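Residue numbers (UniProt numbering): 1 to 343.
Cβ coordinates follow ideal geometry from the N, Cα and C atoms, glycine included.
Every value quoted in this text rests on a predicted model; they were computed, and no experiment measured them.
This is the structure we're talking about:
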C-alpha cells in the first residue's frame, strides 16, 4: 500500500515523491549517522506494502516488547494531533527523538500526513539550534537543557515521563506554549494533552474515556484500536473529555488499609527536592506496607520540614539513598530495578 505523502511535506528542506522518499530512506539507512539510519529504517517500513508496522514499547511499566500497530490508525492519530494543535501544512517542526520509538515515529508520520516541514537532528540533550519552529516534541530531559532556547518554539509537546514541578515552573517563565502528553505505545503516542500548569488532561478528538472497577482509565478510540484499551492508571474523570491522573495502580501502597498514591506524594515533595527521587514502599509487620522516600546519590541529612504538606499516612517512614537510579531506554526511572540495587 503506497502511503499518501502530503504535497507540502518537506524533510530537511527537500520535497519528495513516493519513489524519492523511498530512495532517501534507503540512503539514510545505509549511509546516515546512527539517528538517520533509524529514521531511514522506519521510513522504509512505513513506505512498504504492509498495512502495519512493528513498534517497540519503552519498558517503563513492564518488559519491553514489540507490538503491531496499523498504519491507518497511526495516520488517524497524526490527524487528531494536527487538529488539537491546529497544525497547518507548511508548519515547521523538529524531530529530535529516536525513530526507534513511537514518539519519534509519529513525528515523521505527522509531517508526512499533515504536510509539515520537518527538520531532523540527533536526539541529544539540547537539540534546539538558533531556528524557530511551530511544533517540537521533546522528553523532559531535553526541555530542561533547552530552557534558554524555548522562545524559538511556538508549541512544545513533552512526553516520555512526567514533567517535574521545577521544570514546569521554569517552562511557565518562558513564552513557549508547552503541553504534557498522556499515552503509551499501545495508544499510538498520546490520547490526551494538558497544558503545563494545568491539573487536568483533555482527550484528543474521537477518544472516549471511562473507568473500570479499579478506577483505572479505560480508553475507547476506534480509529486507533478496535478494542478497548484498559490501563493501570488510576484517574478521576471530571467530564466526558477531561480527567486527572492520580497514579499507577502498580505503585499504590496499602498501609494499614489506607491506599496511598506515590505520585501524589511526589508531586508535593517536588517543590522542595530538586534531585531525582521517588516514593515506594517496604513490607511492614504492623501495617503491611510502609512508605519510603528513595533518593539518588550519597546520603545526606533531609529536613523533615519537607514533609509538612503531607498527611500522616503519606509521610515517609524511612529514607533510602541509592547511588544511581536505573532508567529505561527512554529515560524513565525503573522503580523496581532501582530498588533491587539495595538488596
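Quickly, what does DSSP pair residue i with across the bridge? List them, please.
i, result
"residue 207", "Looking at the DSSP assignment, residue 207 forms no beta bridge with any residue, so it has no partner."
"residue 10", "15, 117"
"residue 233", "248"
"residue 253", "260"
"residue 220", "208"
"residue 299", "Looking at the DSSP assignment, residue 299 forms no beta bridge with any residue, so it has no partner."
"residue 168", "In DSSP, residue 168 forms no bridge with anything."
"residue 156", "136, 178"
"residue 54", "68"
"residue 243", "201, 237"
"residue 100", "In the DSSP output, where bridge partners are listed per residue, residue 100 has none listed."
"residue 142", "Residue 142 is not bridged to any residue."
"residue 288", "284"
"residue 93", "118, 135"
"residue 322", "296"
"residue 183", "190"
"residue 277", "295"
"residue 24", "Beta-bridge pairing links residue 24 to no other residue."
"residue 36", "Answer by DSSP bridge pairing: none, since residue 36 is not bridged."
"residue 327", "333"
For residue i and residue j, I'd like the C-alpha separation in whole angstroms.
i, j, result
"residue 75", "residue 306", "46 Å"
"residue 318", "residue 140", "28 Å"
"residue 263", "residue 19", "48 Å"
"residue 164", "residue 17", "42 Å"
"residue 314", "residue 200", "23 Å"
"residue 339", "residue 236", "29 Å"
"residue 260", "residue 266", "11 Å"
"residue 225", "residue 285", "44 Å"
"residue 73", "residue 278", "35 Å"
"residue 325", "residue 274", "15 Å"
"residue 53", "residue 104", "14 Å"
"residue 93", "residue 146", "16 Å"
"residue 215", "residue 102", "27 Å"
"residue 175", "residue 321", "37 Å"
"residue 192", "residue 67", "21 Å"
"residue 335", "residue 51", "36 Å"
"residue 48", "residue 211", "38 Å"
"residue 9", "residue 69", "23 Å"
"residue 61", "residue 208", "Confidence in residue 61 is poor, its pLDDT being 49 and thus under 50, which makes the residue's placement too unreliable to answer from."
"residue 206", "residue 161", "24 Å"
"residue 309", "residue 282", "22 Å"
"residue 190", "residue 244", "15 Å"
"residue 357", "residue 79", "Absent from the structure is residue 357, since the part of the chain shown begins at 1 and ends at 343."
"residue 276", "residue 328", "15 Å"
"residue 124", "residue 138", "10 Å"
"residue 311", "residue 203", "31 Å"
Would you decide whether residue i is buried or exposed? Buried here means 16 or more other CB atoms lie within 10 Å of its CB.
i, result
"residue 251", "buried"
"residue 351", "No answer is possible for residue 351: it lies beyond the span of the chain, which begins at 1 and ends at 343."
"residue 151", "exposed"
"residue 115", "buried"
"residue 113", "buried"
"residue 81", "buried"
"residue 231", "buried"
"residue 342", "exposed"
"residue 304", "exposed"
"residue 180", "buried"
"residue 13", "exposed"
"residue 135", "buried"
"residue 27", "exposed"
"residue 247", "buried"
"residue 77", "buried"
"residue 194", "buried"
"residue 158", "buried"
"residue 21", "buried"
"residue 233", "buried"
"residue 316", "buried"
Compare the C-alpha of residue i against each of the options and name the closest.
i, options, result
"residue 90", "104, 119, 77", "119"
"residue 166", "21, 42, 269, 54", "269"
"residue 148", "157, 171, 158, 299", "171"
"residue 86", "22, 32, 177", "177"
"residue 173", "186, 196, 160, 162", "196"
"residue 117", "44, 276, 5", "5"
"residue 300", "57, 88, 222, 323", "323"
"residue 272", "297, 298, 302", "302"
"residue 96", "71, 55, 65, 34", "34"
"residue 187", "168, 221, 44", "221"
"residue 43", "298, 88, 155, 98", "98"
"residue 88", "227, 239, 155", "155"
Determine whether the Cβ of residue i lies closer than 8 Å to any Cβ atom of chain B.
i, result
"residue 275", "Looking for chain B here will not work: only one protein chain is present."
For the region 125 to 138 and the region 29 to 38, state whether three or more C-beta atom pairs, one from each stretch, are separated by less than 8 Å.
-> no
Pairing CB atoms from the region 105 to 114 with CB atoms from the region 142 to 151, are three or more of them under 8 Å?
-> no
State whether the region 253 to 268 contacts the region 282 to 302, with contact taken as three or more CB pairs (one from each stretch) at a distance under 8 Å.
-> yes
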